[in-house]
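>
Chains as they are written, first to last, in this note's numbering: chain F, 1 to 349; chain L, 1001 to 1349.
#1: With 8 Å set as the bound, which would you pick, yes or no: does the beta-carbon of residue 1341/L sit closer than that to a beta-carbon of chain F?
#2: What in chain B is Cβ-close to residue 1053/L, meaning under 9 Å?
#3: Quick check: the stretch 131–141 of chain F against the stretch 37–53 of chain F, are at least 3 beta-carbon pairs closer than 8 Å?
#4: Less than 8 Å separating the beta-carbons of residue 366/F and residue 1098/L?
#5: Taking buried to mean at least 16 other C-beta atoms within 10 Å of its own C-beta, is residue 1062/L buried or exposed?
#6: For the beta strand (DSSP E) that contains residue 1064/L, what are its first and last residues?
#7: For chain F, check one thing: does any of its Cβ atoms lie closer than 8 Å to the Cβ of residue 1161/L?
#8: Do you know how far the Cα of residue 232/F is from the Cα of residue 1349/L?
#9: With a 10 Å radius around its C-beta and 16 neighbouring C-beta atoms as the bar for buried, classify residue 336/F as buried or exposed.
#10: Taking the beta carbon of residue 1031/L as the centre, do at least 16 other beta carbons fall within 10 Å, making it buried, or is it exposed?
#11: Under a three-way DSSP split, which group does residue 1181/L fall into?
#12: By the three-class DSSP mapping on this structure, what secondary structure does residue 7/F have?
#13: Name the chain L residues whose beta carbon is nearer than 9 Å to that of residue 152/F?
#14: I'd like to know if residue 16/F contacts chain L, where contact means its C-beta is closer than 8 Å to some C-beta of that chain.
#15: Could you check where the alpha helix (DSSP H) with residue 1281/L kicks off and where it finishes?
#16: Taking only three categories from DSSP, how would you classify residue 1019/L?
#17: Could you tell me whether the Cβ of residue 168/F comes closer than 8 Å to any Cβ of chain L?
#18: In chain order, what residues of the same chain have a beta carbon less than 8 Å from the beta carbon of residue 1070/L, not counting five sequence neighbours either side?
#19: Leaving aside the five residues before and after residue 1083/L along the sequence, list all residues of the same chain whose C-beta is less than 7 Å from its C-beta, in chain order.
#20: My output table needs one value for residue 1193/L: the three-state DSSP class, helix, strand or coil.
#21: In terms of alpha-carbon separation, which member of 1184/L, 1342/L, 1328/L lies closest to residue 1272/L?
#22: Under a three-way DSSP split, which group does residue 173/F fall into?
#23: To the nearest angstrom, how far is it from the Cα of residue 330/F to the Cα of residue 180/F?
#24: List the residues of chain L whose Cβ lies closer than 9 Å to the Cβ of residue 107/F, in chain order.
#25: Assuming residue 1095/L contacts residue 1064/L (C-beta within less than 8 Å), just tell me the rounded distance between them.
#26: Could you confirm whether any beta carbon from chain L is found closer than 8 Å to the beta carbon of residue 48/F?
#27: Using beta carbons (cut-off 8 Å, strictly below), is residue 178/F in contact with chain L?
#28: In terms of alpha-carbon separation, which member of 1091/L, 1019/L, 1051/L lies closest to residue 1238/L?
#29: Tell me whether residue 269/F is buried or exposed, calling it buried when 16 or more other Cβ atoms sit within 10 Å of its Cβ.
#30: Got a sec, what are the start and stop residues for the alpha helix (DSSP H) residue 1165/L sits in?
#31: Buried or exposed: residue 276/F, going by 16 or more other Cβ atoms within 10 Å of its Cβ?
#32: Once the 5 residues before and after residue 78/F are set aside, which same chain residues still bring their CB inside 6 Å of it?
#33: For a cutoff of 8 Å on Cβ pairs, would you count residue 99/F as touching chain L?
#34: Quick check: what's the CA-CA separation for residue 299/F versus residue 306/F?
#35: List the residues of chain F that residue 1096/L touches, going by C-beta distances under 7 Å, in chain order.
#36: Decide if residue 1289/L is buried, meaning its Cβ has at least 16 other Cβ atoms within 10 Å, or exposed.
This is the structure we're talking about:
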């Protein structure tokens, strides 16, 4: 059955049931597993004109919004519905992680083509709900509209951070070292694999999973902020190269990135080498990694070690150092100094 | 020049300049009038991974999101860009008003077709910014994406309300009187006029303006909440009939609405009568009014009078009373009792 056949009212009721609704007007649907919601601070959830929450004392509120659009960020032919929903929240939680914030609440705005199956909508909601539960995020509101074109999912995520603990892009100074979490390039290679619809030994589920289900580095971001272990942070939504340029721009620094230190996902490297492409450039310019990049003064190394002892996964890798001349954005490779790619004009995301 | 020709970076810079950016990284564009922003409570605005704000002490946070989609909520052939932007914020501020909240912050997520002119984007941002300034709302973040289909504008609005002052849909009890603000039906008639592209003496700018530039009843909602003058409130996004049913559903009440009391916009009535249609049904089922409906116990009449002395525009009109039997949703007309229209299944919004 399609969404237009079901009608808006019944569709909304199904969505609410899956999100574990807390408003008075609706009943829980016993056939659906309802998440066990952390309702502390929730005053009014889904079902009224707006949601109402009580901010924690001594916390600032962190707000971000990001959309996933069919044909731009995903395609239904290779992204399962659950993964589309998972990803729609993940990219927002990644932004909160980059600020060092604890995610608390989310709003979900869906624009649905008339012919979309209700099953697909439920899959999207379930995937989003799965990640929400993992990070104890409660979906408190949203909106459902028709779309005369692509499927669109717009999520607003709300988090909290203690004053003066928030991580911005602008704090790095010359001498600070750059660390990146996890591995890079996997998601970009995975998306290429999915687009080419290739199968066989060359294709890595490790890469495709990185694209389909990004893992926002929520615990790491919070631990870094809590320990004051970094002077600047950003998440890698548009690639490591772009992220380094963004922090350098906002902080007024130059940068030396060491090509040999980059933690390129092994199966992504294999994929690109088989295609005759340079894995370093591909990994630096490929998007969708959703790892964190942090700038850490040498004197704070012990704090970072403490963070890594608390949050061991993903590991942090030192990949370079910020420098004085803001115009010098350098990739050091085999002893030669190249221009760091990534800060180009693009029309994407 | 189109958005894809300009490129994402430069487009973002233009949008930020128009919104009166507060982040460190960017310069104000001297050619553009930058709004004078109320920055109290703003910690980090547009330009980082997320925005950071300081909630007021003793306030709860109110969150809402609503999308405007080309071909569903507006059409570019008859909605000027400025009005599209104005409307995208207005529908969200109306939701905050219905909770009695003071609007504070907004996030703007745009999905833009490649061929859209940059002028149009600037118009949308300027229209949104105009209404934001009027209500001292600051746009603190957002997102710009490509759209392979229609233009979409998703706004998240954040407000504040004092605990126990918030207005919900669920508080009405039998005997409470229903009041609606302003006039109804104007926006629906205005949209019909625009769609038919008619011109001449039958067309009323009063109606088309109601559709193109809805005025969210922010001051009225805040005054009602502050004075505790209503037990329930809702805004009329999907028509008065629907709104009455929603409050009755959430409150477990029935309702008698007096057809002769409905404040139908005069030129809408004229329009529908000329078309041979029943103005009462058209006004009850027509959407986009964005007035407020409030449920007021008789004993609180003095409080409501106090509110009306403070906020004289729009006036409030008594249109009916809530009753005991939840299944009795009645329109009283010429002494006969009809079923109140509006609570039907639809696939709209």
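Backbone N, C-alpha and C define an ideal beta-carbon position, used for all residues, glycine too.
A quick look at the data gives this:
#1: By one-based count along the second chain, residue 1341/L stands at place 341. Judged by the 8 Å Cβ criterion, residue 1341/L is not in contact with chain F.
#2: Any reference to chain B falls outside this structure, whose protein chains are F and L.
#3: Result yes; three or more Cβ-Cβ pairs closer than 8 Å.
#4: Nothing can be reported for residue 366/F: it is not among the residues displayed for chain F, which extend from 1 to 349.
#5: Taking the first residue of the second chain as 1, we reach residue 1062/L at position 62. By the neighbour-count rule (16 or more Cβ atoms within 10 Å), residue 1062/L is buried.
#6: As a working note, residue 1064/L is residue 64 in the second chain. Membership of residue 1064/L in the beta strand (DSSP E) is indicated by the continuous run 1060–1069.
#7: Counting from 1 along the second chain, the entry for residue 1161/L is found at position 161. Yes, residue 1161/L counts as interfacial toward chain F.
#8: Your numbering for residue 1349/L matches position 349 in the second chain. Your numbering for residue 232/F matches position 232 in the first chain. Legend: pLDDT at residue 1349/L = 41, less than 50; position of this residue unreliable, value from coordinates given subsequently. Cα-Cα distance, rounded: 41 Å.
#9: Locating residue 336/F in the first chain gives position 336, where the first residue counts as 1. With fewer than 16 other Cβ atoms inside 10 Å of its own Cβ, residue 336/F counts as exposed.
#10: Within the second chain, numbered from 1, the residue matching residue 1031/L stands at position 31. Because residue 1031/L sits at a pLDDT of 44, beneath the cut-off of 50, its placement in the model cannot be relied upon, and the following sentence gives the value as read from the coordinates. So residue 1031/L counts as exposed.
#11: Indexing the second chain from 1 puts residue 1181/L at position 181. Residue 1181/L falls in the strand class under three-state DSSP.
#12: What you label residue 7/F is simply residue 7 of the first chain in a count that begins at 1. Reduced to three states, the DSSP call for residue 7/F is coil.
#13: Translated into positions along the first chain, residue 152/F becomes position 152. Those are 1067, 1069, 1111, 1145, 1147, 1149, 1152, 1154, listed as they occur along chain L.
#14: Counted from its first residue, the first chain places residue 16/F at position 16. No, its Cβ sits nowhere closer than 8 Å to a Cβ of chain L.
#15: Mapped onto the second chain, residue 1281/L falls at position 281. Segment 1279–1285, the alpha helix (DSSP H) holding residue 1281/L.
#16: Against the second chain, residue 1019/L aligns to sequence position 19. In the structure shown, residue 1019/L sits in coil (DSSP, three-state: anything other than H, G, I, E or B).
#17: Mapped onto the first chain, residue 168/F falls at position 168. Output row for residue 168/F: interface = yes.
#18: Sequence index remark: in the second chain, residue 1070/L carries index 70 (1-based). 1076, 1150, 1151, 1152, listed in sequence order.
#19: Start at 1 with the first residue of the second chain, and residue 1083/L comes out as number 83. Within the same chain, residue 1083/L has close Cβ partners 1127, 1212, 1213.
#20: The residue given as residue 1193/L occupies position 193 in the second chain. In the structure shown, residue 1193/L sits in a helix (DSSP, three-state: H, G or I).
#21: Working through the second chain from its first residue, we reach residue 1272/L at position 272. With distances taken between Cα atoms, residue 1272/L lies closest to 1184/L.
#22: Counted from its first residue, the first chain places residue 173/F at position 173. Residue 173/F: coil per DSSP, three-state reduction.
#23: In the first chain, the residue the question calls residue 330/F occupies position 330. In the first chain, the residue the question calls residue 180/F occupies position 180. Residue 330/F and residue 180/F: Cα-Cα distance of roughly 17 Å.
#24: One-based indexing of the first chain puts residue 107/F at position 107. Here the neighbours are 1063, 1064, 1065, 1156.
#25: In the second chain, the residue the question calls residue 1095/L occupies position 95. In the second chain, the residue the question calls residue 1064/L occupies position 64. Between residue 1064/L and residue 1095/L the Cβ distance is about 4 Å, and since that is below 8 Å, they are a contact.
#26: The residue you call residue 48/F lines up with position 48 of the first chain. Closer than 8 Å: yes.
#27: Counting from 1 along the first chain, the entry for residue 178/F is found at position 178. False, the Cβ-Cβ gap to chain L never drops below 8 Å.
#28: Against the second chain, residue 1238/L aligns to sequence position 238. Ranking 1091/L, 1019/L, 1051/L by Cα distance to residue 1238/L puts 1091/L first.
#29: Position 269 of the first chain, counting from 1, holds the residue named residue 269/F. Per the 10 Å Cβ criterion, buried.
#30: Sequence index remark: in the second chain, residue 1165/L carries index 165 (1-based). Run containing residue 1165/L: none; DSSP gives neither H nor E here.
#31: Within the first chain, the letter at position 276 stands for residue 276/F. Exposed: under 16 other Cβ atoms inside 10 Å.
#32: Position 78 of the first chain, counted from the start, is the residue given in the question as residue 78/F. Answer for residue 78/F: 194, listed in chain order.
#33: What you label residue 99/F is simply residue 99 of the first chain in a count that begins at 1. Yes, contact with chain L.
#34: Here residue 299/F refers to the residue found at position 299 when the first chain is read from its first residue. Here residue 306/F refers to the residue found at position 306 when the first chain is read from its first residue. Roughly 13 Å between the two C-alpha positions.
#35: As a working note, residue 1096/L is residue 96 in the second chain. Chain F residues near residue 1096/L: 50.
#36: Residue 1289/L sits at position 289 when you count from the first residue of the second chain. The residue is buried, with at least 16 neighbouring Cβ atoms inside 10 Å.
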